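Take a look at the structure set out below.
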Amino acid sequence: MTGNQTPQASPKASLKQYCRQEAETASLAQHLAASIQKWLGQSPSAHLNISLEGDLGAGKTTFARHLIQGLGYAGKVKSPTYTLCEPYELQSHQQTFTAHHFDLYRMRDPLEWQEAGFAEYFDVPGFCLIEWPGKAEGTLPAFDIQIQLTVGEDENERTIHISALSEQGKKVVDSIQVAPN
């Protein structure tokens, strides 16, 4: 459990997908992107907090890249490992929203998060996608969605578990249109 989440007996909605290659991971990220776009169209000033978790090399940044590109970003999606945060201005339903992609791997203390002044990014329409949220445990707002990536036996295989942790997250996860495998 990361951030200020309270333990739950079970998520309010979840999806578990086995991906044999990066193209399948990209497809799942794009389906999630479509669901986020739909949700933002219905709630234009709303904000989602998404945790992206998994071991080093599990594909968190790759998933984030496909998600952000799935939302229409045509430029290069950079890893925020050294900058801590990369913002992306996106369009959906004739309005602009921002995706803030964080990578907290290099943080040594949760207070670094507070001192960096990123809290204001959680009040703008769009979403924050946070890799390694445990590095700022106790200082982050509650998450709406948790994405857990686990590496399979082959280096390209992933099991991706997307769980809703709030009512907003449930609306997004419930509307993901992907065939189970």
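Residues in the sequence shown are numbered consecutively from 1, following full-length UniProt numbering. Cβ coordinates follow ideal geometry from the N, Cα and C atoms, glycine included. All values reported here derive from a predicted model rather than from experimental measurement.
Worksheet item: Would the stretch 103-115 and the stretch 79-89 be scored as touching if the rule is three or more Cβ pairs under 8 angstroms?
Response: yes
Discussion item. Check for me: the beta strand (DSSP E) holding residue 126 runs from which residue to which?
Written reply: Where residue 126 is concerned, the enclosing beta strand (DSSP E) stretches over 126-131.
Worksheet item: If you measure from the CB of residue 79, is any heavy atom of the ligand NAD nearer than 6 angstroms?
Response: Inclusion of the ligand NAD in the displayed structure is not the case, the ligand content being empty and no account of it being possible.
Worksheet item: Within 10 angstroms of its Cβ, does residue 25 collect 16 or more other Cβ (buried), or is it exposed?
Response: buried
Practice prompt. Can you give me the start and stop residues for the alpha helix (DSSP H) that residue 17 sits inside?
Written response: Taken as a continuous stretch (DSSP letters only), residue 17 belongs to no alpha helix (DSSP H), being part of the beta strand (DSSP E) at 13-19.
Worksheet item: Are the Cβ atoms of residue 20 and residue 155 separated by less than 7 angstroms?
Response: no
Worksheet entry | Buried versus exposed, by CB contacts within 10 Å (16 or more), residue 92 | buried
Practice prompt. Classify residue 72 as buried or exposed, calling it buried when 16 or more other Cβ atoms lie within 10 Å of its own Cβ.
Written response: exposed
Item to complete: Output the boundary residues of the beta strand (DSSP E) element that contains residue 176.
Response: Where residue 176 is concerned, there is no enclosing beta strand (DSSP E), given that its DSSP letter is neither H nor E.
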